[in-house]
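Numbering (the numbering used here), first residue to last: 191 to 468.
Here a beta-carbon is modelled for each residue, glycine too, at the ideal position from N, C-alpha and C.
No experiment lies behind these values; they were computed from the predicted model shown.
Some notes on the structure that comes next.
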Ligand code: HH2
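This is the structure in structure tokens:
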């Protein structure tokens, strides 16, 4: 069963496992194999439906990693996890070579923050793999994307980009019902761009492709606090803001949320679903 089929029954929680020294919110914490494995297993116990494994940070200013290093970080973990659990595994990478090795090790979803545009072979690799793909919007590139994000109409531009990338994926041979879309919260966006996009979840989710919302611990939550005269929170302390965004998005049709704090998100979703009668 694909994730998309499962999501038709109710919103899914994707748990983040960053095997990186420099991710913005949890960099360095799960870098060793044993630590990463224990963390991933805990996320499943906490209620994750799917695990998203990443070996390269996309935060502004992060250091690029070599292909070999990225493969060495993620593949042993994916192999071990796919022997230990039935939970689907997603590989968060820009590189088709990493995605291919991850698929061989047991991953079934390619989460690509470049929407399969980073290399000329990305579309073809995704199509050949037969796996599900997550296509995310980003303005610019991770190193500089937050320097001066600018849009005439952020919702229309993100929407048309995502539909254009979905069309390109389909033309390359990716199945239509294997495609997720993601507005890319924080990727080349100001606080107001992020809020406008989150409010537009219903519009972005209205094109027949399931939508992923991924706001976990992101900096705009602290920017909002700052704008309101409050002390901006550290990344670890943004769980309340994360949950607020994700429940708002789920109420407007998002089918999956990507989070670091799975236990809190699962509890919030359980209570919200009971109240909504879902
Ligand atoms: N955000 C991050 C990484 N991967 N994938 C999708 N589809 N959507 C996102 O918004 C998204 C993503 C950034 O968060 P994190 O993994 O915690 O940090 P880092 O990239 O620094 O490892």
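Check                                                                                      : Outcome
Where residue 302 sits in the DSSP three-state scheme                                      : strand
Three-state class that DSSP yields for residue 340 in the structure shown                  : coil
Residue 438 beta carbon near ligand 1 (any heavy atom closer than 7 Å)                     : no
Separation of residue 444 from residue 388, as counted between CA atoms                    : 10 Å
CB of residue 305 within 8 Å of CB of residue 265, strictly                                : no
For residue 453 and residue 244, believed in contact at Cβ under 8 Å, the rounded distance : Not a contact, Cβ separation roughly 20 Å.
Beta carbon of residue 355 nearer than 8 Å to that of residue 307                          : yes
Residue 448 beta carbon near ligand 1 (any heavy atom closer than 7 Å)                     : yes
C-alpha distance - residue 289 paired with residue 281, whole-angstrom precision           : 6 Å
Nearest candidate by alpha-carbon position, reference residue 375, set 325, 359, 195       : 325
Residue 322 (DSSP reduced to helix, strand or coil)                                        : strand
Among 225, 396, 343, 232, the one whose alpha carbon lies nearest that of residue 204      : 232
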